[in-house]
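Report on the following structure.
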Amino acid sequence: MRLSIEDIEIKIPDVSFDNTSEIDINSYEDCVIQENAYDIVNMALKIKEKNSNIFVVGPVGTGRRDMIKNLLTKISLKEKIPPDIAYSYNFENPKKPKMLKFPHGKAKEFKKKLEFLVESSFQALKNGMQSNEYLEKMTELEKEYMDKRKQLWTELKEKAKELNYVIEFTNGGIVSLPIIDGKKISSEEYEKLSKEKQKEFEENSPKLRILIENVMNKIATLDKKYREQLKNMQKYWASFSINKIFENIEKEYEKYSDIIDYLKSLKNDISINFVEITSDNDDVIKYFKKKYSINIVIDNYYLQGSPVVEELSPTYSSLIGRVEYYSNMGALQTDFSMIKSGSFYKANGGYLILDAEKVLRKPFVWDAIKRTLLLEQIKIENVESAEGYSNIQTLEPEPLSFNSKIILIGEEWIYDMLSVYDNDFKKFFTIKAQFEYENKIDEFSINKFSTFVAKVVKEKNIQHLTKKAVIELLKYSCRINSNNKKFSLKYGDIKNLIIEATYFAEKYDHRPYTNSEDIKEAIKHREKMFSFHKKHFFEMIKDNIYKLDVQGEKIGQLNGLTVIQTVDYTFGHPVKITAKFYKSDGERIIDIHRATEMSGKIHKKSTFIFENFFKSKFSNFLENGFTASLNFEQVYSMIDGDSATLAETIALMSAIGNIPIKQNIAITGSMNQNGEVQPVGGLIQKIEGFYDICKILGFNGNQGVIIPYQNINDLVLKEELMKDLEDEKFKIWTIKHIDEAVEILSGLKPGKETKTKKFTKNSFYYNVTEGLKQLSSKSTNKNKSQKKK
């Protein structure tokens, strides 16, 4: 069937605005276009069961991220705001900082109050030390201690005297000396004493030693008791001095046991370190002020509803958090004030959005996510420590219970890979929300498309578009989707085109609106931007370096259609396919690319298909051996795909039957073993590629292409080609069977098989069988010639 312009024209319902300024963008809802995905995500967000995390699947540019963020924002506004989180000094184990939870927005207020209270406490302690009451109590305690100590020494001296000894105190300790009649005697005098008197002194010496030891023990006990009493008194006095200072804040947070416990420990530590705190050493005072502060890691003061966090650069530290260090005297040190929270903390009690591909590209991140979901807690730990790469002593902050829903956004291949290779994936991500990549053209969807355009205009603060400009955008959307019945939902491409078109509108005419010509100009600009390789390749064809024929007829040769794809651009062009046929032993059809291993698996499969079609159709005429070869001329790279199956089959039959094939008509299409045509890809690029080459090599108004009938809806062709199609200067045929193709390309009827297993005389297939017969007759003549010899 030959197509008319009506067969492939995009039919767009009329819209009720003249320009986008008339559109109410408040009516725009992402859920309308992505209704299925919206419903699934909406349901999943209301499921509070653990591990009901979401994987949003869809192509880049379909608005996945925007829709998810908009939906989460709406839902989160109705939800509870999570508490503020801070870490404090652990007075029992400094290596394990304690976590404090505050009502949302209260952590900063608490910290300021605490700083003031600590400062007030320090001043109160200094004032207390200088008070008369404190000094009197200290003096009284000291006097009591000194009196008891003095009494012990007095009793010891008296008992020593009874034993005829005197006690003296020297720098070396206690010395006992013998006395007679109350007077000390020298060693010479002692030697002059009678044996009985010396014996008396010797017997009393051990007794005196025992007395001294007992007194020394009592004094040690007395000293210890005094120090304890002194410490207790100082502690009591310190507590007495500061208790009133903390009364109000303790009353304010009386319902929060962790905060009350922290304040009690803090007051106790102040009392214990009473003396150091009241010193005049600035470094000591600075140390204690830092010790008695808190480190706020989550401040939800400005938050409305539950948090919605998007981590754009997911790393282990950015998700889990980290403990930082500072250098002191060449050594790395840390404390609770160096703890930094990650996105898990920030999103706790709400929602965390992550890019799946970025998650998988960074080391340790995926395992950290799974570990957090499994343990249901966030443990701040540096990756070096977590993975055993470092022996540096670090902190172990108290873990936070994890209560957040994770939304991974990625393409289908990532979801499939995780499903196959990670057994834990579907345990933690039980919800899959699939985004559509296209939408059918109807009045409802066009209105939503137009509203999206108006929304972009407002967001980017650019000039409005006319109705015709919006329609031109829609046509472009259909083109990038390769479908004249459905437009692409890759709104990222449309957004970029709107911005670029605005530039042309402002540059040339300074018009108040962007019109359809501006859109077309932006599309041409994009074509120039990416078509570098196409331009140079087409120059090679123009210069006859790459040889093609687009007029006349050739035997065993026709124009197939192929595409070249770069990173950001795809273009099509014809490729010369040739076939040769000759007598040989056996039956061989050689595809040169297949034989030289320059083709992929799909192409290899297609060559077996057309080979079997050929042998099946002409099995009654394959009496002698032959070899046929097929080649894609001047193609020196790997090829793949089955879109040349029809072309190769017809080229082969043309060579065998000596049938001329029109070079002004190119063909693309797959085929099964029954000769039925199957659809292929890249139709827009293939058709336009052949059209452009015809323009370069000589456009005669009789050129065209043959395509599978299933590909009609794929055609969204450029304006110039559509005009020539309308004027019948360029033609497109759709076919369902190879029989239709051979008739268009050769001008011969394909031919029907008769009861005698022959084909209609002078038909295409008849000529093929005649070619096979001639091969047989050549073989017979050759045999006769050999017999005569």
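Residue numbering for the sequence shown follows UniProt numbering, beginning at 1 and increasing consecutively. Glycine is no exception: its CB is placed at the ideal position from the N, C-alpha and C atoms.
In or out: residue i buried (at least 16 other Cβ within 10 Å) or exposed?
i              : result
proline 97     : buried
proline 750    : buried
glutamine 565  : exposed
alanine 628    : buried
alanine 505    : buried
lysine 440     : exposed
serine 762     : The sequence as given places asparagine at residue 762; serine does not occur at that position. Exposed: under 16 other Cβ atoms inside 10 Å.
leucine 772    : buried
tryptophan 237 : buried
glutamine 393  : exposed
valine 567     : exposed
tyrosine 316   : buried
tyrosine 421   : exposed
glutamine 34   : buried
glutamate 22   : exposed
histidine 603  : buried
aspartate 642  : buried
glutamate 376  : exposed
valine 41      : buried
histidine 593  : buried
serine 670     : buried
What does residue i pair with, by DSSP beta-bridge criteria?
i                 : result
proline 178       : Tyr165
residue 796       : This structure does not reach residue 796, given that the chain is present from 1 up to 789, and the question cannot be answered.
aspartate 355     : Ile409
proline 574       : Leu561
serine 313        : Answer is none; serine 313 lacks a bridge partner.
glutamate 753     : Phe759
phenylalanine 55  : Leu408 and Lys432
tyrosine 87       : Met99 and Asn295
phenylalanine 730 : Gln703
asparagine 658    : Paired residues: none, contrary to the question.
Leaving out five residues on either side along the sequence, give the residues of the same chain with a beta carbon under 6 Å from the beta carbon of residue i.
i             : result
arginine 322  : Lys340 and Asn382
glycine 600   : Asp640
lysine 197    : none
isoleucine 8  : Asn484 and Leu715
glutamate 517 : none
Leaving aside the five residues before and after residue i along the sequence, list all residues of the same chain whose C-beta is less than 7 Å from its C-beta, in chain order.
i              : result
lysine 207     : Leu163
lysine 106     : Asp84
lysine 346     : Ile298, Pro307 and Val309
aspartate 442  : Pro13
isoleucine 5   : Met722, Leu725 and Glu726
glycine 556    : Thr578, Ala579, Lys580, Ala651, Ser654 and Ala655
glutamate 324  : Thr334, Met338 and Lys340
glycine 586    : Gly625
isoleucine 259 : Leu100 and Tyr253
asparagine 783 : A caution first: asparagine 783 carries a pLDDT of 48, below 50, which makes its placement in the model unreliable, though a value can still be read off. Excluding positions up to five away in sequence, the list is empty.
serine 120     : Ile245
Give a single yes or no on whether residue i has its beta carbon closer than 7 Å to a heavy atom of the ligand FAD.
i            : result
tyrosine 569 : The ligand FAD is absent from the structure shown, which contains no ligands of any kind.
Can you give the beta carbon distance from residue i to residue j, rounded, assuming they're within the 8 Å contact cut?
i                 : j              : result
isoleucine 480    : serine 488     : 5 Å
leucine 177       : glutamate 168  : 7 Å
valine 57         : tyrosine 503   : With a Cβ gap of about 34 Å, valine 57 and tyrosine 503 do not count as contacting.
valine 550        : glutamine 703  : 6 Å
leucine 561       : lysine 686     : 4 Å
phenylalanine 402 : asparagine 348 : 6 Å
leucine 352       : serine 404     : 5 Å
lysine 432        : valine 456     : In fact, because the Cβ distance is near 29 Å, the residues do not count as touching under 8 Å.
proline 679       : glutamate 553  : Between glutamate 553 and proline 679 the Cβ distance is about 28 Å, and since that is not below 8 Å, they are no contact.
Suppose the cutoff is 8 Å on Cβ atoms and the five residues either side in sequence are ignored; what does the same chain contact list for residue i look like?
i                : result
glutamine 774    : none
proline 314      : Ser343, Leu354, Asp355, Lys358, Val359, Lys362 and Val365
leucine 683      : Ser482, Thr668, Ile707, Asn711, Asp714 and Leu715
asparagine 214   : none
isoleucine 25    : Thr451, Ala454, Lys455 and Lys458
phenylalanine 17 : Ile23, Ser450 and Lys467
glutamine 261    : Per the sequence presented here, residue 261 reads as aspartate, with glutamine not at that position. Result list for aspartate 261: empty, nothing under 8 Å.
message: Could you check whether the segment 665-680 touches the segment 459-468, counting it as contact only if at least three pairs of C-beta atoms, one from each stretch, sit closer than 8 Å?
response: Contact between the segment 665-680 and the segment 459-468 is absent, because fewer than three Cβ pairs lie under 8 Å.
The segment 4-20 contacting the segment 465-477, beta-carbon criterion three pairs below 8 Å: Because the criterion of three Cβ pairs below 8 Å is met, the segment 4-20 and the segment 465-477 touch.
- prompt: Between the segment 643-661 and the segment 522-540, are three or more C-beta pairs nearer than 8 Å?
  reply: The segment 643-661 is not in contact with the segment 522-540.
- prompt: Is there contact between the segment 258-277 and the segment 134-143, where contact requires at least three CB pairs shorter than 8 Å?
  reply: With a cut-off of 8 Å on Cβ pairs, the segment 258-277 is not in contact with the segment 134-143, counting fewer than three such pairs.
query: When the Cβ atoms of the segment 186-197 are set against those of the segment 114-129, are three or more pairs found closer than 8 Å?
result: These segments do not touch.
field: Contact between the segment 46-63 and the segment 403-413 (3+ Cβ pairs under 8 Å)
entry: The segment 46-63 is in contact with the segment 403-413.
query: Contact between the segment 608-623 and the segment 701-721: three or more CB pairs below 8 Å?
result: No: the two stretches stay apart, fewer than three of their Cβ pairs being nearer than 8 Å.
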